[in-house]
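What follows is a set of notes on a single structure, which appears directly below.
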Amino acid sequence: MRQVPTSDASPIGIVGNGRVASHFRHYFSLLGVPFQTWSRQESTATPPDAFAACRTVVLLIRDKAIVPFIDTWPALRDRHLVHCSGSLVTPMAAGAHPLMTFGPTLYALHDYRAIPFVLDTTDTSLADLLPGLPNPWFTIPRTERAYYHALCVMAGNFSVLLWSKLFDEFETRFGLPRSAAFPYLERVTANLMTDAEHALTGPLSRGDAQAIAANVAALDGDPFQAVYEAFVRAYEKRP
Ligand SMILES: NC(=O)c1ccc[n+]([C@@H]2O[C@H](COP(=O)([O-])OP(=O)(O)OC[C@H]3O[C@@H](n4cnc5c(N)ncnc54)[C@H](OP(=O)(O)O)[C@@H]3O)[C@@H](O)[C@H]2O)c1
């Protein structure tokens, strides 16, 4: 059986060449953390051969491909296997979810260093899972992983849908530049970070049923009408 290198200075194996893999490659380069890569598009060697020198292998591939990938390459099981999915829970790899959105543009070192990792294994640290990363880290129970991920998707991804809708309508319906809304977006973000309890303004916070009804009527025929109504219902039922 292949021996796992014992030194933490061994390179970290990175599987995949998608969004997060590209960011991790860049981050590791900026940190000076050695790494080896394997992706099905770029590599001719098998993953076990590509990662022969690696003690840790991080699987940065689509969530549903992670367990089948490990099943396909059982020789990798003597590595420390780590995945970065926010929702996947499997005994085959430890979860270390970077609480961040990774777009097509690479980030600066200080931005990467600030990203918290949320682990799903209580008896380990980020230094154990991804040696050399100085990031803050937290642990939540595996049983809470699905709820945690749902919260991340709602806050991080749904807000993007809402702002993208506003940008699109500004440009196509009103002929306004999207940048007209940037100060509003920046202030909403700043107020949320400094005083979230008082960040909500507008008809919901004022209990202005007439304005809410007018908003809903104005969205007639728009798929976001149901989104507005769902937010009103959720707000009314908040604890
Ligand atoms: N994107 C984010 O903002 C973000 C944030 C936090 C965590 N994550 C997590 O990070 C991981 C990677 O996400 P991503 O956004 O980087 O995904 P992505 O950009 O869609 O890239 C997916 C990668 O998976 C590879 N892949 C898919 N199926 C495969 C298979 N059967 N065998 C081998 N490789 C396979 C793809 O290769 P091909 O190009 O050959 O298909 C590609 O390299 C996921 O677990 C995700 O949940 C993502």
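For the working numbering, add 7 to where a residue sits in the sequence shown, where the first one is 1. Beta carbons: idealized from backbone N, C-alpha and C, even for Gly.
{"Item": "Looking at ligand 1, does it come within less than 7 Å of R26, judged from the CB to the closest heavy atom?", "Value": "yes"}
{"Item": "What residue range is occupied by the uninterrupted beta strand (DSSP E) comprising E80?", "Value": "The identity of residue 80 in the sequence shown is Trp, whereas the question assumes Glu. That residue, W80, is in no beta strand (DSSP E); it is neither H nor E in DSSP."}
{"Item": "Does at least one heavy atom of ligand 1 sit under 7 Å from the Cβ of A72?", "Value": "yes"}
{"Item": "Consult DSSP for F181 and reduce its assignment to one of helix, strand or coil.", "Value": "coil"}
{"Item": "With the cut-off set at 8 Å, would you say V223 and A206 are in Cβ contact?", "Value": "no"}
{"Item": "When DSSP labels each residue in this structure, what does Q10 get in the three-state scheme?", "Value": "Model confidence at Q10 stands at a pLDDT of 42, short of 50, so the residue's coordinates are unreliable; what they give is reported in the following sentence. Q10: coil per DSSP, three-state reduction."}
{"Item": "Under 6 Å Cβ to Cβ from L88, same chain only, skipping five residues before and after it: list those, please.", "Value": "V64, A100"}
{"Item": "Starting from W45, follow its DSSP beta bridges and name the residues at the other end.", "Value": "V22"}
{"Item": "Report the rounded CA-to-CA distance for R47 versus I219, giving the unit in angstroms.", "Value": "51 Å"}
{"Item": "Is W45 closer than 8 Å to A74 when the C-beta atoms are compared?", "Value": "Reading off the sequence shown, one finds Val at residue 74, where the question assumed Ala. Contact flag unset, no."}
{"Item": "Which whole runs of the beta strand (DSSP E) in the region 144-208 are 3 residues long or more, in chain order?", "Value": "144-146"}
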